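A.B. asks:
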Amino acid sequence: MYSLAFGRESRNIVLFCLGKSVSAFGGAVYAFAMGLYILNLTGSGLSFALALALGTVPTVLISPVAGVLTDRLDKKMLVAGTDFISALVLLVLYLLGRSFELHLAMVYTGIFLLAILNAVFVVALDSGKPSLVLYDRLMRLNSLSKVIDSTSAFLGPVCGGILFALMDIEAFILVNALSFLLSALLELFLDFNYNGCSVRPQSGRLLLGAEIKKAATFILKSRTLLQILGVFVSMNFFVGFGVTVPLPYIVNNELGLGSANYGIIKAGLPVGMVLGAAVAPRVMKLLPYMRLLKGGGVVPGHKHDANWGACPDAKHRDQSCGLYGNGDGSVDNYWGISLINVPLIHELQVLVPRDYLGRVLSLGISGAKAILALVLSGTLSTVAPASVMPVAGGALMLLVNTLILGSTDIRRERTPCPGEN
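In the working numbering, the protein residues as written are 62 to 482.
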């Protein structure tokens with residue numbers, strides 16, 4: 062009996078990794094290649110920025126709705142269904158490109174629809190993880206998931222650029238459609254009722270506003286969830302403010318390192334995420350989560366200041382200092398952030414009741430996108446040196462996370478699943 066159960070759980074892990082790898086890698090390749098296509102087609106930075114907005118804004122707006130759907134509907138249907146519909150969207154785009162010229166409006170529509178589907182996919186898959194494995198292996202599954210995301214973010218642009226150069230855009234779209242279809246087929250074999258933690262699909266009238274309000278009220282009544290989600294949103298907000306926007310300008314304009322060195326520094330971001338995700342399960346065995354959260358929640362802010370401010374005056378720092386300081390900073394900061402984010406998602410999956418998990422995760426994901434941070438950083442960079450932003454972001458992250466966590470301990474009471482001892 063034990064070997065049978067172990068076999069089912071291992072199969073779930075393998076299918077999860079294969080399905081997510083195909084989906085995440087295909088999405089990363091597609092996003093990068095379509096960005097190149099838009100730039101080649103229009104030569105306009107504004108058109109490229111609009112594509113980025115169409116790929117980001119739906120996540121903020123749709124994630125809460127996705128959370129409601131996840132808590133009420135069958136998770137396998139949502140996970141496999143969104144990948145299948147993504148394949149159909151790309152197939153239609155391929156046929157339109159073959160029949161007519163692939164216009165910018167078609168590309169934008171495809172990006173927008175895929176972003177909506179991905180928002181549902183992410184929430185459904187993350188809230189369904191506790192149903193795929195036993196509690197003892199949940200942390201490992203979350204770690205593998207983050208490694209897949211970060212590796213895809215690292216390799217996706219590389220492969221996307223190569224494929225974009227080797228094949229026409231219509232053939233490229235068809236290949237991506239097939240990758241989403243393969244992912245959907247793999248996900249159909251996932252057992253989301255392996256340990257009895259899944260929530261049965263609910264029937265009846267669906268009131269989106271009321272369901273989202275219930276989840277928000279549930280969060281506001283829990284100091285534990287407020288602290289955890291507060292750190293999650295804070296870290297992502299200040300990374301957007303202090304790194305995402307100013308990094309390209311600092312590297313290319315203030316340091317004069319060029320595009321090649323910028324690529325090296327940019328590659329350090331997912332490398333740091335992979336390292337953090339890989340060691341997270343071991344760290345969780347050595348440290349209580351609250352100690353990790355308190356230490357890790359403020360250390361990235363300190364490292365943020367130390368690394369990005371290592372050479373504070375652009376006029377007196379040479380290229381080797383800039384490359385080392387920013388490259389080492391990108392790995393260090395994202396290593397620390399991943400080391401916090403992976404256990405953080407795990408804690409939410411453990412603490413939140415299954416019938417609320419999708420909505421709670423979705424509200425956290427919406428808040429973590431932090432579009433306001435990008436706008437604010439971009440606006441301030443026009444009136445202040447860009448090199449100030451990483452230091453300011455690190456200092457504010459340190460201050461805000463210290464205030465959020467305070468000196469009280471989080472009371473950790475996990476929600477047990479049926480059949481657990």
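Beta carbons are placed, not taken as given, at the ideal position from N, Cα and C, and that holds for glycine.
Only a predicted model underlies this, so the values are computations on that prediction, with no experimental measurement involved.
Here's the rule: buried if 16 or more other CB atoms are within 10 angstroms of the residue's CB, otherwise exposed. What is ASP210?
C.D. replies: With 16 or more Cβ atoms within 10 Å of its Cβ, ASP210 is classed as buried.
A.B. asks: Tell me the rounded alpha-carbon separation between GLY428 and THR120.
C.D. replies: Taking the straight line from one Cα to the other gives about 10 Å.
A.B. asks: Can you tell me whether PHE161 is buried or exposed, with buried defined as 16 or more other CB within 10 angstroms of its CB?
C.D. replies: When all chains shown are included, PHE161 counts as exposed.
A.B. asks: For my contact list, GLY158 and GLU231 are in at a C-beta cut-off of 8 Å; report their separation, rounded to the angstrom.
C.D. replies: Indeed they touch by this definition, with Cβ atoms about 4 Å apart.
A.B. asks: Which same chain residues end up closer than 7 Å to ALA180 when comparing Cβ atoms and leaving out the 5 residues on each side of it in sequence?
C.D. replies: PRO119, THR120, ILE123, SER124, ALA127.
A.B. asks: Can you look up LEU163 in the DSSP assignment and give me helix, strand or coil?
C.D. replies: Looking at LEU163 - three-state DSSP - the assignment turns out to be coil, as it is neither helix nor strand.
A.B. asks: Could you give the C-beta distance for TYR255 and ARG69, rounded to a whole number, given that I count them as a contact under 8 Å?
C.D. replies: With a Cβ gap of about 6 Å, TYR255 and ARG69 count as contacting.
A.B. asks: Please report the distance separating the alpha-carbon of LEU251 from that of SER206.
C.D. replies: Straight-line Cα distance between these residues: approximately 15 Å.
A.B. asks: Are the stretch 288-295 and the stretch 400-408 touching by the rule of at least three beta carbon pairs closer than 8 Å?
C.D. replies: The answer is yes - the stretch 400-408 touches the stretch 288-295, with three or more Cβ pairs under 8 Å.
A.B. asks: Could you tell me if SER71 is buried or exposed, where buried requires 16 or more neighbouring beta carbons within 10 angstroms of its beta carbon?
C.D. replies: When all chains shown are included, SER71 counts as exposed.
A.B. asks: If we ignore side chains and look at the alpha-carbon of each, how far apart do ALA148 and SER240 end up?
C.D. replies: In a straight line, the C-alpha of ALA148 is about 8 Å away from that of SER240.
A.B. asks: Checking 8 Å against the spacing of the C-beta atoms, do LEU400 and SER188 come in under that value?
C.D. replies: No, they are not a contact pair.
A.B. asks: Out of ILE74, LEU100, ALA245, ILE172, which one is the CA nearest neighbour of GLY222?
C.D. replies: Of ILE74, LEU100, ALA245, ILE172, the residue nearest in Cα terms is LEU100.
A.B. asks: One question on the structure: do PHE279 and ALA434 come within less than 8 Å of each other, judged by their Cβ atoms?
C.D. replies: Not closer than 8 Å, so no.
A.B. asks: Could you round the C-beta distance between ARG430 and THR117 to whole angstroms and report it? I think they count as a contact, below 8 Å.
C.D. replies: Note on residue identity: the sequence assigns Lys, not Arg, to residue 430. Contact holds; Cβ gap of about 6 Å.
A.B. asks: Quick one: what does DSSP say PRO218 is sitting in, helix, strand or coil?
C.D. replies: Reduced to three states, the DSSP call for PRO218 is helix.
A.B. asks: Relative to the alpha-carbon of ASN462, which residue among LEU242, LEU246, ILE177, GLN288 has its alpha-carbon at the smallest distance?
C.D. replies: The residue with the shortest Cα to Cα distance from ASN462 is GLN288.
A.B. asks: My assumption, with CB atoms under 8 Å, is that LEU202 sits in contact with PHE86. Please give the rounded CB distance.
C.D. replies: Between PHE86 and LEU202 the Cβ distance is about 18 Å, and since that is not below 8 Å, they are no contact.
A.B. asks: When the cut-off is 8 Å and only beta carbons count, does LYS137 lie next to chain D?
C.D. replies: Note that chain D does not occur in the displayed structure, where there is just one protein chain.
A.B. asks: Is the beta carbon of GLY333 closer than 8 Å to that of GLY454?
C.D. replies: It is not a contact, given that the beta carbons lie outside the stated cut-off.
A.B. asks: Thinking just about the alpha-carbon of each residue, which of SER84, SER438, VAL344, ALA277 is nearest to the one in SER213?
C.D. replies: Closest by alpha carbon: SER84.
A.B. asks: According to DSSP, is ILE172 helix, strand or coil?
C.D. replies: DSSP places ILE172 in helix when its eight states are reduced to three.
A.B. asks: Considering MET458, what are the terminal residues of the alpha helix (DSSP H) in which it resides?
C.D. replies: Looking at the DSSP string, the run of the alpha helix (DSSP H) that includes MET458 is 449-466.
A.B. asks: How should VAL90 be labelled, buried or exposed, when 16 other C-beta atoms within 10 angstroms of its C-beta is the threshold for buried?
C.D. replies: By the 10 Å Cβ count, VAL90 comes out buried.
A.B. asks: What is the rounded straight-line gap between the Cα of LEU154 and the Cα of PRO218?
C.D. replies: Approximately 21 Å between the Cα atoms of the pair.
A.B. asks: Residue range of the alpha helix (DSSP H) that LYS274 falls in?
C.D. replies: Residues 269-281.
A.B. asks: Compute the distance between the beta-carbons of ALA110 and PRO307, then report whether it is under 8 Å.
C.D. replies: In this structure, PRO307 does not lie closer than 8 Å to ALA110 by Cβ.
A.B. asks: Short check: CB of VAL150 to CB of LEU186, under 8 Å?
C.D. replies: The answer is no: Cβ separation not under 8 Å.
A.B. asks: I'd like the span of the alpha helix (DSSP H) that includes LYS430, first residue to last.
C.D. replies: Here the alpha helix (DSSP H) through LYS430 covers 415-430.
A.B. asks: Using the rule of at least 16 other Cβ atoms within 10 Å of the residue's Cβ for burial, across every protein chain shown, is ILE398 buried or exposed?
C.D. replies: Counting Cβ neighbours within 10 Å, ILE398 comes out buried, since at least 16 surround it.
A.B. asks: MET334 by DSSP, collapsed to three states: which one?
C.D. replies: Residue state, collapsed to three classes: helix.
A.B. asks: Return the CA-CA distance between MET167 and PHE145, expressed in angstroms with no decimal places.
C.D. replies: Roughly 19 Å separates the two Cα atoms.
A.B. asks: Is GLY171 buried or exposed, if buried means 16 or more other CB atoms sit within 10 Å of its CB?
C.D. replies: The residue is buried, with at least 16 neighbouring Cβ atoms inside 10 Å.
A.B. asks: Here's a check: name, in chain order, each residue in its chain whose Cβ is nearer than 6 Å to the Cβ of GLU248, leaving out the five neighbours to either side.
C.D. replies: So the qualifying residues of the chain are GLY80, VAL140, ALA141.
A.B. asks: Measure from the alpha carbon of LEU115 to the alpha carbon of each residue in LYS136, LEU175, MET458, LEU199, then state which is nearest.
C.D. replies: Measuring from the Cα of LEU115, the nearest candidate turns out to be LEU175.
A.B. asks: What number of angstroms, rounded off, separates the C-alpha of ASP197 from the C-alpha of GLY337?
C.D. replies: Roughly 19 Å between the two C-alpha positions.
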